[in-house]
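Working notes for the structure below.
There are 2 protein chains.
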Amino acid sequence: MNSISFTKIAPGVYRSSTGKNTDSVLSLVGNEKKLDGISAAFDDMPMPFEGVFTEKVRNKTVVCIPRKLSERHYGPGLRFRGLATNYSVIHLRCDHYGGSDNGRTHVPTPFYLSDAGYGVFIDTPEFISFYMGGSVRADAKNPPKEQNRGRGDWSADTPSEFVEASFEGDADIYVFAGKNMLEAVAKFNLLCGGGAVVPKWGLGFWHRTHTRFDENDVENEIKLFEEKNFDLDVIGLEPGWHSNSYPCTFEWDKERFPDPQRFLSSMQKKNIRINLWENLFVSKKAGIFAEIKPYCGSHKVWNGIVPDFTLEKARDIIAKQHKKDHIDIGVSGYKIDECDGYDEWLFPDHASFPSGRSAAAVRNTLGILAQKNIYNVFRKENKRTYGLVRASAAGSSMMPFCIYNDCYSFEQYLTGLASSSFTGCLWVPEVRDANTAEEWVRRFQMCVFSPMLMLNAWANGVKPWKFEEVEDIVRNTIRFRKSLLPYLYNAFYTYSKKGIPPFRAMCLDFSGTSSQKTSELDHTESPYETLRLFDIYDQYMAGDSIMVCPVRPGEKSRKVTLPPCDWYNYYTGEYAGNGETLEIECELDKIPLFVKGGAMIPTYENGVLTVRCYGNEGKGFVYDDDGETFDFEKGEYALFEMSFTRKNGKTEGTIEKTDGEKFESEYKTVKFI
Amino acid sequence: MNSISFTKIAPGVYRSSTGKNTDSVLSLVGNEKKLDGISAAFDDMPMPFEGVFTEKVRNKTVVCIPRKLSERHYGPGLRFRGLATNYSVIHLRCDHYGGSDNGRTHVPTPFYLSDAGYGVFIDTPEFISFYMGGSVRADAKNPPKEQNRGRGDWSADTPSEFVEASFEGDADIYVFAGKNMLEAVAKFNLLCGGGAVVPKWGLGFWHRTHTRFDENDVENEIKLFEEKNFDLDVIGLEPGWHSNSYPCTFEWDKERFPDPQRFLSSMQKKNIRINLWENLFVSKKAGIFAEIKPYCGSHKVWNGIVPDFTLEKARDIIAKQHKKDHIDIGVSGYKIDECDGYDEWLFPDHASFPSGRSAAAVRNTLGILAQKNIYNVFRKENKRTYGLVRASAAGSSMMPFCIYNDCYSFEQYLTGLASSSFTGCLWVPEVRDANTAEEWVRRFQMCVFSPMLMLNAWANGVKPWKFEEVEDIVRNTIRFRKSLLPYLYNAFYTYSKKGIPPFRAMCLDFSGTSSQKTSELDHTESPYETLRLFDIYDQYMAGDSIMVCPVRPGEKSRKVTLPPCDWYNYYTGEYAGNGETLEIECELDKIPLFVKGGAMIPTYENGVLTVRCYGNEGKGFVYDDDGETFDFEKGEYALFEMSFTRKNGKTEGTIEKTDGEKFESEYKTVKFI
């Protein structure tokens with residue numbers, strides 16, 4: 001047992017290490033840290049550092065992190081079944097979410113939070129197991145009292161003084177202290193490079209066309225959208241665009257896309273971006289096959305060889321080819337599929353790689369390194385990209401990629417949205433199909449307040465107007481998303497600068513939205529009387545001030561918990577309450593939305609910036625830039641500060657450009673309502 | 001890459017090793033091998049030994065076992081969701097079955113079968129991962145053809161030339177060859193000590209009473225059974241019999257059982273056996289606490305210390321206490337709970353133990369070593385025991401313990417029954433409750449042809465006569481089980497001598513009951529077009545000749561597949577078919593049963609051995625002994641051979657004692673029908 005000491009590297013950010021660590025995810029990814037974005041001087045540490053110790057057990061390093069028995073934890077890793085993680089055992093490994101939150105996750109970031117106001121990040125690329133405060137040491141100083149199940153009350157949980165984690169090799173350990181969990185998350189995201197800078201077009205409407213579409217099919221699809229008067233910003237091409245997919249060539253199918261340059265130019269003229277699906281397993285028909293083969297692992301996936309993405313050489317070969325064949329002719333980004341595994345569709349844990357790294361380390365970093373590789377190409381071209389990826393890791397907060405998977409459960413989509421805010425990633429639900437017109441609407445609505453609004457028709461070729469009876473509602477739902485651009489863009493600006501996630505679990509913004517109770521004995525299904533931890537997951541925060549309460553398919557009314565501050569109805573501006581629990585009626589064409597008192601919500605439609613004001617007085621801001629490049633770093637942006645007062649039903653607002661002389665914003669006509 | 005060579009140790013049984021192995025499950029358990037029971041001289045090896053190779057990758061040993069691309073595999077490990085395992089990745093670890101067959105299983109025995117007619121056993125106590133023929137090496141000599149998902153047919157599966165397995169340390173490797181899988185399984189079971197010798201009373205009716213019953217409650221329960229005229233052979237006492245449980249003292253609660261000796265004597269007079277529930281985690285209130293503490297691990301479970309069962313000293317302390325406080329006064333066996341884990345309720349993977357063994361090795365052998373420890377006490381007393389356990393491993397075939405868990409799915413119970421025959425263990429479904437009278441009946445019926453017929457009322461105190469309208473049917477179902485004793489006892493005799501499991505998946509006895517098809521693309525739930533492997537799991541073989549076709553709750557009729565031989569209706573003796581697929585009507589009071597032509601099924605009721613004969617001529621046997629001791633090893637048994645012919649509706653049978661002069665069987669009056 002060794003105590004380890006921590007060094008302060010920024011206000012409320014501390015670093016230590018379990019030994020001489022040569023391989024960390026952050027160093028592999030190489031994002032620039034944004035710790036100077038930490039303005040808060042919060043330096044108290046609500047967790048006793050001096051109690052952290054490590055030990056070596058066989059080939060593992062064990063880290064024991066003290067906790068109070070009453071602390072509540074969130075993370076590590078993206079989850080879909082529930083938020084708090086107390087007492088659970090989480091064997092993190094990058095994998096497809098297979099129905100239970102056992103650690104197999106698309107985003108196995110070894111970062112967890114405590115509601116005492118801190119976060120812990122153990123930066124290892126290896127598989128790591130977390131014992132979230134339920135495993136008691138035989139020599140515990142403060143062991144829980146022995147209970148007798150034969151008599152009286154009993155609970156299956158045994159709170160421990162430590163969170164314990166074990167992994168091979170050594171690792172850097174970071175602790176982030178804050179006044180609350182949100183500060184700890186924000187500091188973690190800043191360490192990882194801050195939040196993603198996304199292009200404006202990325203916040204529009206995405207449509208992934210049928211996997212076997214050719215260029216004419218795509219052109220026709222776009223015409224249909226025009227005829228139907230549906231907005232369309234990004235078209236995603238699925239596997240069939242490749243000359244071979246599963247495994248991939250990354251080259252155009254010459255029958256379907258005989259002249260990719262011409263196709264991309266045509267798309268550009270229509271202001272439609274093209275996103276390309278790919279997986280990372282290389283076909284022997286690929287032009288890069290021979291060149292990349294020496295940098296590939298011992299096992300194939302879908303008969304394709306597997307580049308060792310930890311090697312710069314392997315990354316460069318792919319980057320060069322992607323730049324030349326796709327990006328230079330106008331491709332806007334990628335959907336990087338299948339890098340999560342599902343175990344069956346990845347290399348074995350005993351695979352070897354030319355870098356000498358373990359299969360675990362290669363697996364856990366495959367998604368993030370593939371993202372970074374793509375990002376770097378666009379970055380050098382001074383272009384923003386936005387895309388999708390099936391796997392990520394530490395460092396993902398700054399990556400303009402959304403995590404997605406094969407799950408299609410409404411509940412699990414909601415949980416994923418909330419949970420992503422603990423993990424430094426963007427999670428995107430998507431619309432694929434529906435059994436009823438009402439479900440169709442509810443699924444589109446859920447995506448309005450998510451990182452990406454996308455219809456994924458890759459397998460069934462479905463169109464947004466599938467259900468005629470709700471065609472108008474779906475069209476307006478997409479327009480609503482687009483009108484929210486200034487508000488959502490603000491949220492991403494805050495993400496980038498301050499590390500605050502754009503979509504957040506309620507418990508990050510408000511304490512008191514969590515609860516627990518001991519489960520009752522179920523004599524047929526579950527004999528353990530465990531502590532069940534509840535958090536609100538079916539309401540969440542989007543941006544600074546909007547609380548989103550999605551309606552589930554089939555739901556005629558729903559419960560809404562108003563945290564303790566003034567809340568207003570988004571649509572009517574009416575006062576809704578403060579701290580109450582409401583039962584609200586659900587209208588088909590509306591997502592129930594509540595806004596914090598004093599908030600100013602900027603929206604933009606038909607050349608008018610309409611600022612919706614809630615309550616009697618308040619402040620807000622609008623951030624703007626070209627939405628396409630990184631010129632904002634050279635001052636090409638505008639920051640407007642706003643305020644409003646309301647008296648006798650009359651709203652008076654002010655807006656003032658406080659920063660960014662060089663940039664001419666299109667926001668000129670402003671209306672306060 | 002090292003080739004390894006195999007040595008023949010019995011007909012069709014070969015051994016090798018990956019290196020100097022000091023720790024194997026078989027050596028830890030120490031069962032006597034029964035390889036002399038292998039009479040078949042089948043020596044062909046349907047698998048090319050010379051192709052087996054091993055390699056060391058980081059801290060793992062990798063074993064690659066050649067396979068033909070068309071081979072179908074079963075195992076490793078007990079499963080509940082499906083039988084064949086091709087293409088799956090199975091990370092075996094002893095654990096509660098948590099809803100998916102990913103390797104977390106109550107019986108993580110590293111033994112798998114091929115329908116080419118062989119089995120492979122890698123004898124390591126460590127965690128071991130199996131890649132069941134879907135992971136292709138980059139340097140494969142015979143790689144599958146690259147497919148293009150963008151065009152034409154595609155399947156997500158990539159058949160590999162090898163099954164690959166990886167684990168820490170070294171291990172013995174055994175290969176069992178046979179004319180078919182059943183022979184391979186039988187040889188594996190004989191290597192592990194043969195099949196369990198169970199007491200006759202163990203095949204009667206078991207009832208586990210409410211967890212907080214005292215001795216008077218138990219006496220009253222027995223009176224109720226007598227009044228209701230229900231058979232009762234074994235009473236199981238649940239946690240409340242302990243002075244402390246979760247963690248356990250293993251000592252009687254003096255309020256509930258003030259005089260255990262008197263209580264046990266009373267039970268003995270009524271011919272009722274007592275089975276005691278326990279888990280293995282020691283309370284500090286236990287008398288053995290101080291003595292066993294030095295032999296316990298670094299972490300507690302349910303606040304109890306965890307004995308290192310790989311240490312003889314730890315086992316001895318428990319054995320001594322159990323003998324003195326329970327067995328010597330008449331306890332007949334145990335239900336050893338919670339040794340499987342569920343991860344949350346076990347020590348962490350980085351726990352340390354005084355033997356110096358890994359937590360993995362201690363975990364994987366906890367159940368089997370606890371069984372062996374109990375078994376040894378009874379064995380020395382020349383008494384048979386029969387009980388339940390939540391976890392097992394290699395060596396379990398000879399253990400008179402049934403595996404159970406918290407699952408209550410009818411389908412998964414059926415799959416477990418079939419799957420247990422690949423794994424060398426006995427799986428027991430149990431009755432806990434039902435929503436309808438019909439379900440109640442169907443659940444009892446399913447247990448009739450299982451290793452144990454048990455109502456588990458530990459949590460709800462339910463009685464077999466819960467549903468008045470089916471009280472007679474349930475009573476008769478229990479009697480039916482009891483009347484089958486000679487047949488079931490024969491099946492266990494065959495298990496013990498020849499290693500043939502008493503309850504078997506259809507594919508062990510018959511080829512042609514397996515099928516496969518490529519799944520169709522599901523655009524909302526699963527985008528992979530995988531090969532789905534089907535095996536009959538809802539029919540199974542019990543003993544030599546009976547095919548059991550349980551009726552699911554709610555089912556009015558069901559499909560029955562008759563493998564290619566003559567089949568007869570058990571109840572009517574009518575010819576049912578040969579190779580056909582039938583749709584049969586389901587009667588509430590009958591389990592659909594089909595019997596092989598030529599079979600003789602011995603049953604015993606009211607002092608008469610009734611032998612049911614099927615077809616026009618045939619042979620059979622009856623094995624008998626005292627059912628309680630191991631005196632059969634000294635010749636105290638009887639073996640009867642039988643034959644019959646039937647002409648013009650008249651059945652003529654013969655029975656002759658061919659072995660066992662010393663034993664006087666109670667089977668004296670014999671009737672052939």
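Taken in order, these protein sequences are the chains called A and B. Residues in the first sequence are numbered consecutively from 1, following my numbering. Residues in the second sequence are numbered consecutively from 1, following my numbering. A virtual CB, placed ideally from N, CA and C, is assigned to each residue, including glycine.
Query	Result
Listed by chain order, chain A residues near B:LYS60 by CB distance under 7 Å	HIS350
Entirely enclosed beta strand (DSSP E) segments - the region 504-560 of chain B, minimum 3 residues	514-518, 531-535, 540-542 and 546-548
CB contact flag (A:ALA351, A:ALA359, <8 Å)	yes
N- and C-terminal bounds of the beta strand (DSSP E) containing A:CYS447	Not the beta strand (DSSP E): A:CYS447 falls in the alpha helix (DSSP H), residues 437-448.
Cutoff 6 Å; reference B:VAL234; Cβ partners in own chain excluding five residues on either side	TRP206, ARG273 and ASN275
Meets three-Cβ-pair contact criterion under 8 Å: the region 161-174 of chain A and the region 121-141 of chain A	yes
Among A:LEU508, A:GLU439, A:ALA505 and A:TYR495, the one whose alpha carbon lies nearest that of A:SER474	In the sequence under discussion, the amino acid at residue 474 of chain A is Val, which differs from the Ser named in the question. Taking only the C-alpha atoms, the option nearest A:VAL474 is A:GLU439.
Chain A within 8 Å of B:THR158, Cβ atoms only	yes
Given 8 Å, three or more beta-carbon pairs between the region 444-451 of chain A and the region 559-577 of chain A	no
Supposed close pair B:LEU83, B:PRO108 - CB separation, criterion 8 Å	Going by Cβ atoms, the distance from B:LEU83 to B:PRO108 rounds to 17 Å, so no, they are not a contact pair.
Contact set for A:GLY607: own chain, Cβ-Cβ below 7 Å, skip 5 residues either direction	THR669
Simplified DSSP assignment, three categories, for B:ILE274	strand
Coarse secondary structure for A:THR494, derived from DSSP in three states	helix
B:ASN373 classed as buried or exposed, judged by whether at least 16 other C-beta atoms fall within 10 angstroms	buried
B:PHE640, enclosing beta strand (DSSP E) - first and last residue	637-647
At least three beta-carbon pairs within less than 8 Å, the region 37-55 of chain A to the region 126-144 of chain A	no
Best match in A:GLU585, A:PRO592 and A:LYS556 for proximity to A:TYR571 [C-alpha to C-alpha]	A:PRO592
Assigned exposure category for A:PHE640 - 16 Cβ within 10 Å defines buried	buried
Contacting residues, own chain, Cβ-Cβ under 8 Å from A:LYS68 (five flanking each side not counted)	ALA116
CB contact check: B:ASP343 to chain A, cutoff 8 Å	yes
B:VAL29 - containing alpha helix (DSSP H), residue span	25-29
For A:CYS296: DSSP bridge partner residues	A:PRO307
Burial state of B:HIS328 (16 or more Cβ within 10 Å)	The displayed chain sequence assigns Asp, not His, to residue 328 of chain B. Classification of B:ASP328: exposed, given that the 10 Å Cβ count is below 16.
C-beta atoms of B:SER397 and B:GLY194 nearer than 8 Å	yes
Test item: CB-CB of A:VAL198 and A:ARG504 under 8 Å	no
Selection from B:SER515, B:HIS523 and B:GLU525 that minimises the alpha carbon distance to B:ILE536	B:SER515
Cross-chain neighbours of A:CYS296 in chain B, by beta carbon under 7 Å	ALA138
Beta-carbon neighbours of B:LYS517, restricted to chain A and to distances below 7 Å	Near B:LYS517 there are no residues of chain A at all, since even the closest Cβ is about 18 Å away, more than 7 Å.
Of the residues A:THR658, A:GLU628, A:GLU585 and A:CYS586, the one placed nearest A:PHE621, counting alpha carbons only	A:THR658
Residue-level contact to chain B via CB, A:TYR375, 8 Å cutoff	no
Pairwise C-alpha distance: A:TYR295 and A:LEU35	34 Å
Assigned secondary structure, A:TYR571 (DSSP; H/G/I helix, E/B strand, else coil)	coil
Contact check, B:ASN279 vs B:ASP337, beta carbons under 8 Å	yes
Within-8 Å CB hit, B:GLU164 to chain A	yes
Neighbour-count burial assignment, B:LEU264, 16 or more Cβ in a 10 Å radius	buried
Amino acids of chain A, ordered along the chain, whose beta-carbon sits closer than 7 Å to that of B:LEU521	ALA459
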